[in-house]
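In the numbering used here, the protein residues as written are 585 to 1002.
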Amino acid sequence: MTQPLFRQQAVQYQHRGLQGDILLTASTPALLISGALLLWFIAMAIWLCTSEYARKETVSGWLEPPQGVLRVYANNNGLIKELLVREGEVVKEDQPLLIIHGNNILANGDGMENQLLQELEKQQNLLREQQTRNQERYSQRLAEGLQRIARIQQELQLLEQQTGTLQTRQQLLDKQRERQQRLRDSGHVSATELESSEAQALTLKAEQQTLARQKLQQQRLLEEAQSEQEELPQTHADQQTFLATEISELSQQMTQWQSRQAYVIKAARAGIVSNLRARVGQQVTASQQTPLLTLHPEQSTLSVQLLVPARAAGFIQIGQQLDIRFDAFPYQKFGIYSGKVTQLSDTVLLPGELQQVPTPVKEPAYLIIAQLDNDKVNAYGRDFSLKSGMTLSADIRLEERSLLRWLLDPLYSLRGRL
């Protein structure tokens, strides 16, 4: 009889079933990790729902008074003869700033402007003399015309008297002819005498016709004289007006040449002189792009001038907040300053349209004006005033939305397309 490999008691023990419920106990570190993950997911959900993401547009700009900066240029070519102001001086409106003389010299040493002014003055004197002669000739022609009309009227009166005399003669001749005709019928007058009366009648009729023709001629001459007399004032006025126009044009030319000979540049408004680049003896031209000096408004606040690209100007509104960084005060050390939009331009600016500004226009843009919350910068324990012309960059908050909305935006846009 063979011996089994395992004892009978061991085999029976393996076939015995387990009694009771199985209880698995988790360890303490696993509980802590699960709780932390749950809290983290809850915090992330709250953060995504409450936190907001701001879409910004960074633009460049500069500081400038609300009234703007007035740059003064030369009107014509010449030399600066005298400076009447100093850097930082406060000037009033229409106060002289500088005097510029023309520098066109002829070969004989005389100024071209002086020669031209003398020639123009001679032409003016000739025209004025012609005006005087025209006035004298007008008075003379007016008197002669009145005398001519009076003579013609006297001639007409004489013709009227002659006409009356001829009519009287005609009446007497008619009565004489009637008597002769009666006598001829009775045989007391010869036919020759009757024919003589007829000849006298024809002669008288011819005289009447000649007198009527002379009368018509004198009436026509009277009408012509009266018409000329009526037109004479208008003709004289036209001539005088033409001469006055010529004199006025010469005066304008003289004024232009006088301004080129020497002219004074005055302040268009009150302000403070700055950037005084003009020097006595300096050559200036009307086409130069560098201003002779600049006038800043006195005691004026500064506003922010921003150039916003047209592609980013759709959501900008008045009252939007700005985060401003001044180039002269690095924001890493002196912080970021705030402001708000106060004015929006309705017209787009194209490259090259806005000249003499610290920030050039490189693409189509709108000019936005903003107001600073504080016009001073605190640095090293001191307050430094901002200056006109300082360049800056600003972040404009175009829109704000939650991070969850930002993450789900692709789904919203997909739904809109569907």
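Glycine is no exception: its CB is placed at the ideal position from the N, C-alpha and C atoms.
On a predicted model such as this, the values are computed, not experimentally measured, just so you know.
The alpha carbon of E720 has as its nearest neighbour, out of S929, P881, I617 and L816, the alpha carbon of L816.
In the displayed model, R981 falls within a strand according to three-state DSSP. In the same chain as L834, and ignoring 5 residues on each side of it, the C-beta atoms closer than 6 Å to its own belong to L704, Q707 and Q708, in chain order. In this structure, DSSP gives D758 a helical state, which the three-state scheme calls helix.
Taking a contact as a CB-CB distance under 8 Å, the pair I920 and V656 does not count as one, their CB atoms being some 36 Å apart.
By the neighbour-count criterion, in which a residue is buried when 16 or more other Cβ atoms sit within 10 angstroms of its Cβ, A949 is buried.
Under the three-state reduction of DSSP, I626 is assigned to helix. Beta-bridge analysis with DSSP links V643 to A978.
Inter-residue distance for Q798 and E830 is about 46 Å (C-alpha atoms, whole angstroms). Classified as exposed, E808 has fewer than 16 neighbouring CB atoms from the shown chains inside 10 Å of its CB.
With contacts defined by Cβ atoms closer than 9 Å, T931 and I902 do not form a contacting pair. In the three-state DSSP reduction, E937 falls in the coil class, being neither helix nor strand. Annotation: the continuous alpha helix (DSSP H) that includes K917 extends over Y915 to F918. DSSP, reduced to helix, strand and coil, places K676 outside both helices and strands of the structure shown, so it counts as coil. A896 sits in a helix when the DSSP states are folded into three classes. Each residue's CA atom was taken as its position, placing A870 and L700 some 20 Å apart. If you check the CB distance, L805 and L743 do not come in under 9 Å.
When Cβ pairs closer than 8 Å are counted between the two stretches, the region 885–898 is seen not to touch the region 861–869, the count staying below three. If you draw a straight line from the Cα of R732 to the Cα of Q813, it comes to about 10 Å.
DSSP places L704 in the helix class (H, G or I) of the three-state scheme. One Cα belongs to D907, the other to W841, and the distance between them is close to 54 Å. I684 sits buried, since 16 or more C-beta atoms from the chains shown fall within 10 Å of its C-beta. K971 sits in coil when the DSSP states are folded into three classes, being neither helix nor strand. Put simply, the region 646–655 touches the region 874–883. At least three CB pairs are less than 8 Å apart. Less than 9 Å separates the beta-carbon of E641 from that of I980.
Between A851 and Q679 a beta carbon distance of about 5 Å is seen, short of the 8 Å cut, so the two are scored as contacting.
L891 has its alpha-carbon roughly 14 Å from the corresponding atom of G973. Secondary structure within the region 799–853: the beta strand (DSSP E) runs of 3 or more consecutive residues, fully enclosed, are 846–850 (chain order).
Here Q927 is bridged, per DSSP, to I953. One Cα belongs to G855, the other to P650, and the distance between them is close to 13 Å. Inter-residue distance for V669 and S832 is about 35 Å (C-alpha atoms, whole angstroms). Assignment of K665 by DSSP, reduced to helix, strand and coil, places it in the strand class. Cβ contact annotation for Q905 (same chain, cutoff 7 Å, sequence separation greater than five): S922, K924 and R981, in chain order.
DSSP places A963 inside the beta strand (DSSP E), whose first and last residues are K960 to A963. When only Cα atoms are considered, Q824 and L730 end up about 22 Å apart.
Taking the C-beta atoms as reference points, P942 is found no nearer than 9 Å to P935.
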